[in-house]
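Data first, discussion second: the structure below is written as structure tokens.
2 protein chains.
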Amino acid sequence: MASIKDVAAAAGVSVATVSRVLNAHPSVSADARTRVLAAVDSLGYRPNAVARSLRTDQTHTLGLVISDVLNPYFTELARSVEEEARALGYSVIIGNADERPDLQDHHVRNLLDRRIDGLLVSPTDGGSPLMLDAARAGTPMVFVDRWIPGVDVPVVRADGRAAVQDLVAHLHALGHRRVAIIAGPAATTTGSERVEAFRAALAAYGLPLPDVYIGQGDFQAASGRRVTEGFLDLPEPPDAVFAADNLMALGALDAVRARGLRVPDDIALAAFDDIPWFVHTDPPVTAIAQPTGELGRAAVRALVDRIEGRPAASVTLAARLVVRRSCGEAPETAGIIPTPSLPPVQRSTT
Amino acid sequence: MASIKDVAAAAGVSVATVSRVLNAHPSVSADARTRVLAAVDSLGYRPNAVARSLRTDQTHTLGLVISDVLNPYFTELARSVEEEARALGYSVIIGNADERPDLQDHHVRNLLDRRIDGLLVSPTDGGSPLMLDAARAGTPMVFVDRWIPGVDVPVVRADGRAAVQDLVAHLHALGHRRVAIIAGPAATTTGSERVEAFRAALAAYGLPLPDVYIGQGDFQAASGRRVTEGFLDLPEPPDAVFAADNLMALGALDAVRARGLRVPDDIALAAFDDIPWFVHTDPPVTAIAQPTGELGRAAVRALVDRIEGRPAASVTLAARLVVRRSCGEAPETAGIIPTPSLPPVQRSTT
DNA sequence: CTGAAAGCGCTTACAG
DNA sequence: CTGAAAGCGCTTACAG
Numbered sequence: 001m002a003s004i005k006d007v008a009a010a011a012g013v014s015v016a017t018v019s020r021v022l023n024a025h026p027s028v029s030a031d032a033r034t035r036v037l038a039a040v041d042s043l044g045y046r047p048n049a050v051a052r053s054l055r056t057d058q059t060h061t062l063g064l065v066i067s068d069v070l071n072p073y074f075t076e077l078a079r080s081v082e083e084e085a086r087a088l089g090y091s092v093i094i095g096n097a098d099e100r101p102d103l104q105d106h107h108v109r110n111l112l113d114r115r116i117d118g119l120l121v122s123p124t125d126g127g128s129p130l131m132l133d134a135a136r137a138g139t140p141m142v143f144v145d146r147w148i149p150g151v152d153v154p155v156v157r158a159d160g161r162a163a164v165q166d167l168v169a170h171l172h173a174l175g176h177r178r179v180a181i182i183a184g185p186a187a188t189t190t191g192s193e194r195v196e197a198f199r200a201a202l203a204a205y206g207l208p209l210p211d212v213y214i215g216q217g218d219f220q221a222a223s224g225r226r227v228t229e230g231f232l233d234l235p236e237p238p239d240a241v242f243a244a245d246n247l248m249a250l251g252a253l254d255a256v257r258a259r260g261l262r263v264p265d266d267i268a269l270a271a272f273d274d275i276p277w278f279v280h281t282d283p284p285v286t287a288i289a290q291p292t293g294e295l296g297r298a299a300v301r302a303l304v305d306r307i308e309g310r311p312a313a314s315v316t317l318a319a320r321l322v323v324r325r326s327c328g329e330a331p332e333t334a335g336i337i338p339t340p341s342l343p344p345v346q347r348s349t350t
Numbered sequence: 001m002a003s004i005k006d007v008a009a010a011a012g013v014s015v016a017t018v019s020r021v022l023n024a025h026p027s028v029s030a031d032a033r034t035r036v037l038a039a040v041d042s043l044g045y046r047p048n049a050v051a052r053s054l055r056t057d058q059t060h061t062l063g064l065v066i067s068d069v070l071n072p073y074f075t076e077l078a079r080s081v082e083e084e085a086r087a088l089g090y091s092v093i094i095g096n097a098d099e100r101p102d103l104q105d106h107h108v109r110n111l112l113d114r115r116i117d118g119l120l121v122s123p124t125d126g127g128s129p130l131m132l133d134a135a136r137a138g139t140p141m142v143f144v145d146r147w148i149p150g151v152d153v154p155v156v157r158a159d160g161r162a163a164v165q166d167l168v169a170h171l172h173a174l175g176h177r178r179v180a181i182i183a184g185p186a187a188t189t190t191g192s193e194r195v196e197a198f199r200a201a202l203a204a205y206g207l208p209l210p211d212v213y214i215g216q217g218d219f220q221a222a223s224g225r226r227v228t229e230g231f232l233d234l235p236e237p238p239d240a241v242f243a244a245d246n247l248m249a250l251g252a253l254d255a256v257r258a259r260g261l262r263v264p265d266d267i268a269l270a271a272f273d274d275i276p277w278f279v280h281t282d283p284p285v286t287a288i289a290q291p292t293g294e295l296g297r298a299a300v301r302a303l304v305d306r307i308e309g310r311p312a313a314s315v316t317l318a319a320r321l322v323v324r325r326s327c328g329e330a331p332e333t334a335g336i337i338p339t340p341s342l343p344p345v346q347r348s349t350t
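Chains as they are written, first to last, in my numbering: chain A, 1 to 350; chain B, 1 to 350.
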């Protein structure tokens, strides 16, 4: 592979001059520029990004640590992150934690070792010392979707409370009274917040959320299956189940089907996170949709602000309920409930 | 961030000694080792991978350029690639081409500039000069899923011909005679091969595959929608449609539903690539399943063989038909047809 | 406008 | 077993 020296030799100039034309430095003669460009072309020279990074102490790379690539929500998030990053001149390296704190740590360490310019993370747990230390040490960082309380890092996420209230109103209107939730890990904010939002919304209708109706999942399909089986085995099974993410909803569908039962006739189902397939499932699944693409883009903008020395703001966007048929039919509520959408709340952080 | 110099100073040794203990070089005294380790620990030192890469000319990184991360098939492929790579001591950087040759080129260039040790690619087209040159120049490369003929690069893929024959037998048995295909781009091998396999299998039953029944898609949902609408507008619409990937099948479901029609009553549907949601769609979708995880792992092993100087072999695995209900009901063929599975064909390449 | 030189943080023969 | 030194491929003050 040709190096800058080869180009310099071929063009009859010093490596400094080659570097200058490559970096569009103004003080280079037209003549030198043409000779360098010709040499670059004929040698097929490409600057070594590794050497450049070592010298400039910038990699123009963002790290993205997500909890599970196989989750369509995170896949879409990752895609929008990469798009916005590319538009701003950054590449992104994705680390898939697979909902495992040890793997999350592996990726954070790997990314830090590579000296990425900034880190976008959707934490799988309360945060390892490694991640917390990095944040404290000033590594530009932004939490997206999930976050860790008490850490001074901007957070870009969706507030699902209003949508959860809409969902509970919907379930209540359809006559459901014994409602259960398949929760995510309590160590994650989305794991606990969704339970709390659900509990609060139920309380407004005088409905309880007893412990037996709170199933502990881990955001992956198998746990949705297991928890749902547990619900169905109860002396008094719930008549509606709210899965805190789309994969656990998939698991719930598996479990219901395996018993020969039907949604929504035997049990209603709703999910947090909407995905294209929910339109075509049997029945179509009522879900809470996040503005996923916008979250990804906003997170990148915040992180790049941090990296480039501008103040970065936290961003909270609203989620909305999309009613389909998995909670039962009720003509009058069909379609999208026009949630009085929260205006994007912006609070300045660092 | 502490550097190796800081560690050396703290431990009272030279940077050479620090480097040796970090790299498990045998000739270091026990005493020096303990002092270095203590210094590393107290400083929270982490070696700079950028500097190490510049020096050793290895990044321990694999590039993976895939056509579309949002496609669950590729998401699963990416996941298995990362897993196997991690097991072998490599990281992977994913580039999402989004079925766009220009984006594919962007990522190949970016990855090459970063001096990745090897490249795994599922080409979106016939290959740009950049990619072809890299292959010729000896950059370790392996094609996975899709490939480019005439380039001396190992190929890891699934052979779907037997499964397509099973599918055609299934369609024929259910009485379908006017069968159509939503093809992928002809510039991709999977785009053309699946059409050819389908055509050949139909020919065995004396069924034609007229041009009007070959819809040109691009492996993404919108094209599946568009092509299916075209089919439905035909004076004589097909009675069965085979989508060459799962996203175009999603688009087809959208189009059929939008017309108020039903699968399989009004039109049968089958897809290449099986995904977990197909079990729960209305109706469950008959699909051809690839051994996706195994493909990803085999591709990584082949690439790492190339990188580490061992001969790399091409690998072809069999795909299999999974019958569900989207082509019609026929009790006797329900379940998985036990395809006389092709033994994995291995031919040596480089 | 141009080049010689230092230096980014490592690794690794080479001497001792 | 250990250290001084060279060098990986760049960028960038500093002089001229």
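Where a beta carbon is used, it is the ideal one built from N, C-alpha and C, also for glycine. Small disclaimer: the values here were computed from a predicted structure and weren't measured.
Residue(s) in a DSSP beta bridge with residue i
i, result
"residue 141 (chain B)", "B:119"
"residue 215 (chain B)", "B:182"
"residue 65 (chain A)", "A:95 and A:121"
"residue 317 (chain A)", "A:158"
"residue 268 (chain A)", "A:240"
Spatial neighbours of residue i in its chain, beta-carbon cut-off 7 Å, leaving aside the 5 residues before and after
i, result
"residue 195 (chain B)", "181, 183 and 214"
"residue 81 (chain A)", "64, 92, 120, 296, 299 and 300"
"residue 40 (chain B)", "7"
"residue 197 (chain B)", "160, 161 and 164"
"residue 148 (chain A)", "123, 126 and 127"
The alpha helix (DSSP H) enclosing residue i, as first and last residue numbers
i, result
"residue 297 (chain B)", "292-307"
"residue 275 (chain B)", "Note, residue 275 (chain B): premise wrong, no alpha helix (DSSP H); not H, not E."
"residue 201 (chain B)", "189-203"
"residue 240 (chain A)", "That residue, residue 240 (chain A), is in no alpha helix (DSSP H); its beta strand (DSSP E) goes 240-243."
"residue 248 (chain B)", "246-258"
"residue 107 (chain B)", "101-113"
"residue 70 (chain B)", "Run containing residue 70 (chain B): none; DSSP gives neither H nor E here."
"residue 230 (chain A)", "221-233"
"residue 42 (chain B)", "30-43"
"residue 56 (chain B)", "49-56"
Segment limits, beta strand (DSSP E) that includes residue i
i, result
"residue 93 (chain B)", "91-96"
"residue 322 (chain A)", "320-323"
"residue 288 (chain A)", "286-289"
"residue 134 (chain B)", "Where residue 134 (chain B) is concerned, there is no enclosing beta strand (DSSP E), although the alpha helix (DSSP H) it sits in stretches over 129-136."
Cβ shell of residue i (< 6 Å), same chain only, five flanking positions each side left out
i, result
"residue 349 (chain B)", "At residue 349 (chain B), the pLDDT of 37 sits below 50, so the modelled position is not reliable and the matter cannot be decided from this model."
"residue 76 (chain A)", "292"
"residue 305 (chain B)", "312"
Same chain only: Cβ atoms within 8 Å of residue i, ignoring 5 sequence neighbours per side
i, result
"residue 44 (chain B)", "2"
"residue 172 (chain B)", "205 and 207"
"residue 108 (chain B)", "63, 65, 95, 119, 121, 128, 130, 131 and 134"
"residue 256 (chain A)", "228, 232, 262, 263, 266, 267 and 269"
"residue 89 (chain A)", "60"
"residue 221 (chain A)", "247, 248, 250, 251 and 254"
Fill in: Chain-ordered residues of the stretch 47-60 of chain B with a beta carbon less than 8 Å from chain A
47, 48, 49, 50, 51, 53, 54 and 59
Fill in: Within the stretch 152-177 of chain A, ranges of the alpha helix (DSSP H) (whole runs, at least 4 residues)
161-173
Worksheet entry | Interface residues of the stretch 84-98 of chain A facing chain B [CB-CB below 7 Å] | 91, 93, 94 and 96
Fill in: Residues of the stretch 140-159 of chain B whose Cβ lies closer than 9 Å to any Cβ of chain A, in chain order
none
Worksheet item: Closer than 8 Å, Cβ to any Cβ of chain B: which residues of the stretch 243-261 of chain A, in chain order?
Response: 250, 253, 254 and 257
Practice prompt. Please list the residues of the stretch 100-125 of chain A that have a C-beta atom closer than 7 Å to any C-beta atom in chain B, keeping them in chain order.
Written response: 110, 112, 113, 114 and 115
Worksheet item: Given a limit of 8 Å on CB to CB distance, which residues of the stretch 68-79 of chain B reach chain A?
Response: 69, 70, 72, 75, 76, 78 and 79
Item to complete: Report the residues of the stretch 273-290 of chain B with a CB closer than 7 Å to any CB of chain A, ordered along the chain.
Response: 276, 277, 280, 281 and 282
Worksheet item: Going along the chain, which residues of the stretch 191-208 of chain B sit with their C-beta nearer than 9 Å to a C-beta in chain A?
Response: none
Worksheet item: At a Cβ cut of 8 Å, what residues of the stretch 222-245 of chain B count as close to chain A, listed as they run along the chain?
Response: none
Practice prompt. Residues of the stretch 24-41 of chain A with a CB closer than 9 Å to any CB of chain B: list them in chain order, please.
Written response: none
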